[in-house]
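In this note's numbering, the protein residues as written are 55 to 180.
Every residue, glycine too, gets a C-beta built ideally from N, C-alpha and C.
Here's the structure, in C-alpha cells; my notes come after.
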C-alpha cells in the first residue's frame, strides 16, 4: 500500500496507464468541484456606482512632471450646474472616482449642430 501511495506522490506511472488516468481524473475533479465545496474567499470587490456615466479620457501631454488629461463629461451627468463653481464641482464629482484627486485647469463646453451643450471638455492635471 505504501509503495502505491509513494508512486502516486512522485507521479511514477507512464502516460496512458490506469494509475496515470486515476491521478489526472483526481486533479480534474479537485479543480472543478473544490470551488463549490471550499470557500476560498475570492469574491470580486463590489463597487457601488452612484450613477452610470460615460467619460472619455484622452492624454494631453505632461506639464511640470505631472500628467495632463482631457476628460469629456456628458452634460447629462452634471445635473443642474449653472455657475462656474458648480460646473467645476460637478466635473470633479464625475472625474475623481475614475482618476483620484485631480485639479481642473480649465473646461469648455462642447456643442452639437443646433448649438445645444452636450458635453464639457475638462483639462485636468494629475
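Practice task
Would you check if there are 3 or more beta carbon pairs closer than 8 angstroms linking the stretch 158-174 to the stretch 121-140?
Solution key: yes
Exercise for the section: Kindly give me the distance between the Cβ atoms of residue 121 and residue 160, rounded to whole angstroms, as I take these residues to be in contact under 8 angstroms. Expected result: Residue 121 to residue 160, Cβ: 16 angstroms. No contact.
Handout entry: Ordered list of alpha helix (DSSP H) runs contained in the stretch 118-165, each at least 4 residues
Key = 138-153
Problem - residue 123 vs residue 109 beta-carbon contact at 8 angstroms - result: no
Practice task
Could you give the DSSP three-state label for residue 103: helix, strand or coil?
Solution key: Because residue 103 sits at a pLDDT of 44, beneath the cut-off of 50, its placement in the model cannot be relied upon, and the point is left open.
Exercise for the section: Label residue 146 either buried or exposed according to how many other C-beta atoms from any shown protein chain fall within 10 Å of its C-beta, with 16 as the threshold for buried. Expected result: buried
Problem - residue 74 in three-state terms, based on DSSP - result: helix
Exercise for the section: Look at the alpha carbon of residue 63 and the alpha carbon of residue 97, and state the distance between them as a whole number of angstroms. Expected result: 32 angstroms
Exercise for the section: With a threshold of 16 other CB atoms inside 10 Å of the CB of residue 167, please say whether the residue is buried or exposed. Expected result: exposed
Handout entry: Between the CA atoms of residue 79 and residue 57 - distance to the nearest angstrom
Key = 20 angstroms
Exercise for the section: Could you tell me if residue 72 is buried or exposed, where buried requires 16 or more neighbouring beta carbons within 10 angstroms of its beta carbon? Expected result: exposed
Problem - Helix, strand or coil at residue 92 [DSSP, three-state] - result: coil
Practice task
Measure the Cβ-Cβ separation of residue 149 and residue 178 and say whether it is below 8 angstroms.
Solution key: yes
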